[in-house]
Structure formats: C-alpha cells, structure tokens
Amino acid sequence: MRPLTAKLVEVHGLKKYFPVQKTFLETLLARKLQFVKAVDGISFDVERGEVFGLAGESGSGKTTTGRLLLRLVEPTEGRIAFDGVDLLLLKGEELQQFRRRMQVIFQDPYASLNPRMKIGEAIGDPLNIFRAATREERKRLVIEIMEKVGLEPSNVLYDKYPHQLSGGQRQRVVIARALVLRPDFIVADEPIAMVDVSVRALILDLMMSLKKEFNLTYLFITHDLATAKYVCNRIAIMYLGKIVELGLLTKVFATPKHPYTVALLSAVPIPDPKAERKKIIPKGEIPNPISPPSGCRFHPRCPYAEAICSRDEPKLQEIEKDHYVACHLFA
Amino acid sequence: MIELTTQIIEVNDLRVHYMARNRTVKAVDRVSFALGRSETLGLVGESGCGKSTLGFSILRLVPPPGKIVSGEIVFDGEDLLQKTETDMRKIRGKRLSMIFQDPMTSLNPLMKIGDHIVETIRVHEDVSNEEAWKRAEKLLDRLGIPRERLKDYPHQFSGGMRQRIMIGLGLVLNPSLMVADEPTTSLDVIVEAQILELLKELKRDYNLTLILITHNMGVVSELADEIAVMYAGEIVELADTSSLYERPFHPYTMKLLKSIPNIRLTEQHIESIPGSPPDLANPPTGCRFNPRCPYAVERCREQEPPLTEVQKNRSVACIRYEDLLNV
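Protein sequence lines, in the order shown, are assigned to chains R and W.
Each number in the numbering used here comes from the position in the first sequence (counting from 1) with 4 added on.
Each number in the numbering used here comes from the position in the second sequence (counting from 1) with 18 added on.
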C-alpha cells in the first residue's frame, strides 16, 4: 500500500504554452511560432481535505492550471502527482481509474448541461462512462446524490430538463454530477460566478458541507477574493502565468506582501459606504502573455520596482511559516 | 444651508411589460422615483429584477416585445413618453445617454475610435470635422488615453480602455443624465477600480447626474448617493446610501446585504435567501417577496404594499416595516 501523505496533489514546475495560430502570410514569411505562456512554471501542493484557492484576474492562468491538474489539457513541461502517483505517466485504463477520483465543476451551469438530457440522466452519465453501476443501481445512486445536494423532490426533478430549473438548482445538478462517482478531488472553477447573489451562500455552504461528508479536497478557482476569503484555507495569487504569493489565507489577506496582492486586495469593492478606502491601483492592465515582461512580470506596473526587478525573475520563497512570496523586496 | 437640487428626472408609476404569445411578463411594475441634478442613483437587484429594463425604458429603448404600458418619465420638465421618436433621437446621446456592460458590442468594430467620437458629436451638433476631432482629442486626454490612439480600432484596445471610451462617448455631449448599465461587470477587479475612480472624477468635474445599474453592492456603495433596491420588477426600498447599509428596512434588502461576503470582515457568516425570484408572468399575490420572506404574515399575501415614504428621503414597500424595526 502507498503511504498516506498529507498531500493529495503535488505540482512541480508546471508549464503550459499554447501556440498562436499563424496567419497564411506569416507562414509564407516563415515567422517563428509564438506561444501564449498561460502557465509558466508554477509549483504548489494541495493538502488532503483543504480548500486551496487559486485567484487572479482573467488571463492569469488559473483556469488553465485547473484543467492541467485534470489532464484536460496536456502540460508543456512539469510534473503533477496525484496521491503520490505521477499523473502524466498514466495512460488508458490506469488514467481512467484516476480520472474517477477527480471531477470538475464549471462556472456556467447553462453551458455545462446538455439541454436535451434529463437531470437524472445527466447526473448518472458519469456512472455510464465509467460503467460504475447497473441500470437499477444507477437510478438509486442518482436519487441518493440528488438528495444530498438538496435537489428535492428528487423523483420529480429526475425527469426534468435543465431549462425547467432555476440557476441555483442547475448548479446543484452540476455538483451532483461531479459527486456521483464519489471522487476525492474537485476542481471548482468559479462555481458561483453565474449564480444569483441571493443563492450564492447556499451553494458555498452546500459545497462545504459536502466536503465534510465526502472527505473532499477542493481546488477553488475564483476571481472574487471576498468569496475566496469565505471558503479557502490556503490561497495562491496568480499573475501572468506565475504564482506571486501563496500561503494560509488568513496570512495572505491580513498581511499581503507582494505589491500585486496588495493592489488586488485593495481594489475589491467593499459593500459598506463607511469603510475606509485606500486603493492602491496599479497603472494599466495585464500585459500580453505572448511576450511577458522580463524579470518580475509585475515590474512595469509595480510602484516599488528597482533595477533588479526587470532583470531577474524572483523565486517563490518562504518568508514566514506558511507564507510564500515571489518578490525581490522580500528576498 | 443645503442648496436645493433641481430635479432632473422623475419617474411616476412606470409599468413595462414584455408581451409573449400567451403570457405577459411584468418586468417593471409601479416604479416611481426622482433624481436631482448631479446626484447618483444606484439601481440594484439580482438578475431579472427589472433594473436593466428600467434603464432602457428611461431612454425609451425597451427592446420588443417589451412595451412601456403606462406611467410618466418626466425629464427636464417634459414627459418623454409623449415625445415622438424623432424628438427622442435628438434627446438620446445629447441630453440623455446610456453606457452598457460590454463595450465591445457597443462600438462599431469597423470604425476608428476617433471617427466614432466625431460622428457622435456631429450627429447632434453643427460643428466642423476639425472642431469635432479637437474635442475628441480633449476627451481622450480626460480619459487618460494617448491622443494618437484616436486612429485605432476598438479591437486594438484593452477591455478597460474600451470601457473608458464608452464612458467618454456617453459624456462628450455633456448630457444632463447618464444611465450606466453594469459598467464594470465584465472587468477585472483592478480595472474595475480604475473605472470607478474615473467615474468619481467625472461626477465631480462634469456635475454628472448618473443612474448606476448594478448587481454589485460593493460597487454601488462606492459611487451612489441614493439607492433604489429592486425586486421582481418593483422598487422595494429607496434610501440614501449610508442609511440603507446601516439600517435596511425592507426584509429583502436586509437579506441581500447579509448574503454578500465582505473582504474586510474577519468572522462573517453569509446567508442566502431561500427560494428563488418569482416568475414575473405570474408573480405571487400581495407582496412579491412574501414566499421568501421570513417575516411574512397573512396580510402580506393579500395586500400589495405601496412604496411609502416612512422617513425623510426614505421609502419602503413593506406593510410590516414598523414591526420589523426591532429585528
């Protein structure tokens, strides 16, 4: 038997470069193929039973990271170990067996459900794919999981189509489908971004109670730091394909170190007109990931940038227990 | 003494319905509010509450099968609902402008930004091309975009820049009122903060009167002087921003504020509102919030509560509001 380590997922030096489609003219001129460096050398671990947050703005590479961990896209470089096994070496049947243990919840419950498939069939579909249950068993398992996620009355909803449900219910269907195989690890990519504000807390609370009940580990991908604060144990802040800061959420949010994290946290709108607002807003927007800035990728927008910042790339270093920063200011 | 603000817009008992084949969706129902010069009204609510339809109605741009069924929209002393379409075209863009969530779909992709701005100016004002171009340059200065970029096409700009240009286009003719429908919703948080900062500056510099439509209680608290909370097509509460956050009167507002995570609070428990918003073709009788309201009593199912002024500048549509002051 494999030793039970605290780490469920270990990521090391992970990279994903997407080639940019060349135009006909560029092909004729034999231009060099260009790449979008969506994820560019990141390392982190996800511990068993935790909610690990991955936060950043659009284009930071957080969604690509989630897809890489599930092997929905193949990495350019790097290593991913799941439960101690190198995921990238697995093929065929073996990979299937691991896939069962990791599932995904996408942002848009309208897009991730087949409009012509009944709710019960949609939730039971993973059981078909993995031939994990007989027909009779399948219905029982589906009804059981529907009740766990609060899709009730389950035997009525079983025969409904997605358009007959509310947004919140649809996201419950997506959660039920992710859980029906009883996985260990869930990648939740912006799971509440499309859900109505008044229902969000319900979905988050549901995800947290299911986590306890099924011993789940979550990778929680979000652009919304207030939500991250509500659910995550640890968090990694991404910028242009790199992790700039990582640590216990309480530490990162109370004493953010990287100038980008500081800016990001200060920019979050606060639902309280009396709150004091000291916004530190960096100029401009995220640069083009095809040709990211040299050295520290944040240096052109950073108020504290020095000569070294444009020259050397800062490494992610532990500056106190459970708190890592990639910034020359703290080297 | 506080200077009395003059009223720019007054909406009275507005009803906007979408007529489908066999059902009528009452998207906006019995809505009344007024807004003074250089004030900002935040119009908040969840998706489907009618806030965008209300915004479009003010410009008389409700898309079919939507129709303004009754009411008054008094703008600068005149009822817009009595105007001809020709008159409305002169008013829209010039005295009354609107900006949208997605700047990419509101800008013509085949037109340079400069030409866009020049056209907007020249449709409404009798000025030469050169003069309009000069104004476009000044506008870009104000928006913090280099002048030479007037010759660029929309796709060459980042999302934040495009939204700046949209705001600029909405302001270039110095309108008396601008309606901004989710102006920062598609933007990342840092860019959102930049745009909010720009709107704050413009409010100050241009004495801008703004109706800000948003679902984000954080955004609205930073910009609005007053807030109208909408639920299922109706305004359920209207108050100045700080009073509303400090002490919401309507159960929906109370619950809504409790459902939003605040990054500044260390120990926070957010709650959701059970159930989901009603079908507006077939809304519940009485108060539309009653099926989800923890304080609902029999009367709430029978009586439609009118929006009533209960304190100076504070209105609420809840028959139990006095009983709830102590909860």
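Every residue, glycine too, gets a C-beta built ideally from N, C-alpha and C.
The structure presented is a predicted model; accordingly, all values stated were derived computationally and were not measured.
The beta carbon of residue 288 of chain W falls within 8 Å of a beta carbon belonging to chain R, placing the residue at that interface.
Along the segment 165-192 of chain R, going in chain order, the ones with a CB nearer than 7 Å to a CB of chain W are 170 and 172. In its chain, beyond the 5 residues on either side, 119 have a beta carbon closer than 6 Å to the beta carbon of residue 203 of chain W. Between residue 24 of chain W and residue 116 of chain R, the alpha-carbon positions lie close to 50 Å from each other. Secondary structure at residue 122 of chain W: helix, using DSSP grouped into helix, strand and coil. Its chain contains 37 and 39 as the residues whose beta carbon lies nearer than 7 Å to that of residue 23 of chain R, once the 5 sequence neighbours on both sides are disregarded; these appear in chain order. Note: residue 21 of chain R is bridge-paired with R:41 in the DSSP secondary-structure output. Per DSSP, the beta bridge partners of residue 326 of chain W are W:334. In the structure shown, residue 174 of chain W falls within a helical segment according to DSSP collapsed to helix, strand and coil. Nearest C-alpha to residue 80 of chain W among W:52, W:97, W:35 and W:101: W:35. Taking a Cβ-Cβ cut-off of 7 Å, the neighbours of residue 203 of chain R in chain W comprise 290 and 294, given in sequence order. Taking 8 Å as the CB threshold, residue 327 of chain R stays off the interface with chain W. In the DSSP assignment, residue 11 of chain R forms a beta bridge with R:51. CA-CA distance, residue 189 of chain R to residue 254 of chain R, rounds to 23 Å.
For residue 273 of chain W, the residues of chain R that pass the 8 Å Cβ criterion are 202, in the order they occur in the chain.
In chain order, 201 make up the part of chain R whose C-beta sits under 8 Å from the C-beta of residue 233 of chain W.
Per DSSP, residue 148 of chain R lies in no beta strand (DSSP E) segment; the continuous alpha helix (DSSP H) that holds it begins and ends at 139-152. Beta-bridge analysis with DSSP links residue 37 of chain W to W:42. Residue 252 of chain R is bridged by DSSP to R:238. In this structure, DSSP gives residue 90 of chain R an extended state, which the three-state scheme calls strand. About 12 Å separates the Cβ atoms of residue 76 of chain W and residue 194 of chain W, ruling out a contact at the 8 Å cut-off. In the DSSP annotation of this structure, the continuous segment of the alpha helix (DSSP H) that includes residue 142 of chain W starts and ends at 131-142. Contact with chain R is absent for residue 131 of chain W, since none of that chain's Cβ atoms lies less than 8 Å from the residue's Cβ. If you ignore the 5 residues before and after residue 146 of chain R, its C-beta comes within less than 6 Å of the C-beta of 124, 127 and 128, all in its own chain and listed in chain order. For the 8 Å CB-CB criterion, residue 31 of chain W and residue 95 of chain W do not form a contact.
According to DSSP, residue 248 of chain W shares a beta bridge with W:253.
For the segment 83-104 of chain R, there are no residues whose beta carbon sits under 8 Å from a beta carbon of chain W. Assigned with DSSP and collapsed to three states, residue 182 of chain R falls in helix.
By the beta-carbon neighbour count (other beta carbons within 10 angstroms, threshold 16), residue 341 of chain W is exposed.
Nearest Cα to residue 150 of chain W within the set W:136, W:144 and W:141: W:136.
In this structure, the beta-carbon distance from residue 197 of chain W to residue 157 of chain W does not fall below 8 Å.
With respect to the 8 Å criterion, residue 238 of chain W and residue 335 of chain W are not classified as neighbours on the basis of their beta carbons. In the structure shown, the three-state DSSP call for residue 73 of chain W is helix. Counting the other Cβ atoms within 10 Å of the Cβ of residue 47 of chain W gives 16 or more, which makes it buried. Distances from the CA of residue 283 of chain R to each of R:292, R:298 and R:265 were compared; the closest alpha carbon is that of R:265.
By the neighbour-count definition (other C-beta atoms within 10 Å, threshold 16), residue 141 of chain W is an exposed residue.
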